[in-house]
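Reviewing the structure listed below.
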Amino acid sequence: MISQDDRDGLDMHPSQVQPMDGPTSIRKVKKTAKLRGVWISFIGRIVAQILGAVASIVLGVIVLHEYQRTAQPVAAKARIVRAVHDTAAGGSSIAVLPLADFSADDRDSSLADAITEAVITDLAQAEGLRVISRTSTMPYKATQKTVPEIGRELDVDLILEGSIVQSGGRVRVTAQLIDAATDEHVWARSYERTLDNVLAMQADIAKAISRDVSVAGAAAR
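The numbering of the sequence shown is our numbering, which starts it at 291 and goes up by one.
Next up, the structure:
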């Protein structure tokens with residue numbers, strides 16, 4: 291039998307008894323878990339976006355660095371190729387400017403143009419010498435640009451300029467070879483011929499100029 295003391299010990303104060311909420315507690319747990327899942331998912335998306343942005347920036351920097359390291363303008367590449375070729379061949383490059391006609395009487399400049407073209411043709415046959423075409427040099431006829439400016443635009447080492455004077459059945463051609471970088475004279479000479487045979491005179495002067503220019507250019511290299 292249970293004594294009175296035992297019964298008293300088994301009695302519990304009403305405030306110590308916690309009622310079970312049942313379904314309400316389960317709903318709270320589910321709601322908390324759902325909110326936690328949503329929050330974790332949100333944080334995950336933010337982290338993924340940040341990592342993606344960082345990866346894009348890093349990739350962009352790498353691509354930009356590689357482009358700047360390897361990319362060069364076409365003109366610069368062409369100059370490098372020509373420079374390597376000229377260095378290997380020990381050659382130079384030259385532009386023959388149109389001869390200025392200083393003849394006293396009014397006549398066309400056909401003789402000056404003809405001699406200019408003949409000089410270009412003869413120089414083009416010289417080994418190790420790159421010669422700019424007449425088409426490219428004609429725009430510089432009577433130009434006010436300096437020799438260094440022309441040299442940079444045509445990308446040449448040497449500039450050949452000169453003049454022609456016709457008088458009394460004779461013609462005199464003056465030629466000057468100039469260093470395009472320093473604007474200093476490398477060589478200069480005058481050639482005087484008669485006009486008895488114009489074609490022979492043109493060929494004679496052109497060959498003489500080409501020969502002298504080739505020698506002077508080789509000495510300047």
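Virtual Cβ for every residue (Gly too), placed ideally from N, Cα, C.
Residue from the options whose Cα sits closest to the Cα of residue i
i           : options            : result
residue 402 : 488, 435, 506, 504 : 488
residue 474 : 492, 490, 438      : 438
residue 451 : 434, 500, 390      : 390
residue 433 : 387, 472, 337      : 387
residue 443 : 341, 409, 383      : 383
residue 501 : 412, 338, 341, 427 : 412
residue 490 : 347, 342, 408      : 408
Three-state class that DSSP yields for residue i in the structure shown
i           : result
residue 342 : helix
residue 446 : coil
residue 464 : strand
residue 387 : coil
residue 393 : coil
residue 453 : strand
residue 368 : Residue placement at residue 368 cannot be trusted, given a pLDDT of 46 that sits under 50; the coordinates are not used to answer.
residue 399 : coil
residue 439 : helix
Beta-carbon spacing of residue i, residue j below 8 Å
i           : j           : result
residue 462 : residue 484 : no
residue 457 : residue 394 : yes
residue 419 : residue 504 : yes
residue 440 : residue 385 : yes
residue 470 : residue 499 : no
CB-CB length for residue i against residue j, believed under 8 Å
i           : j           : result
residue 495 : residue 405 : 6 Å
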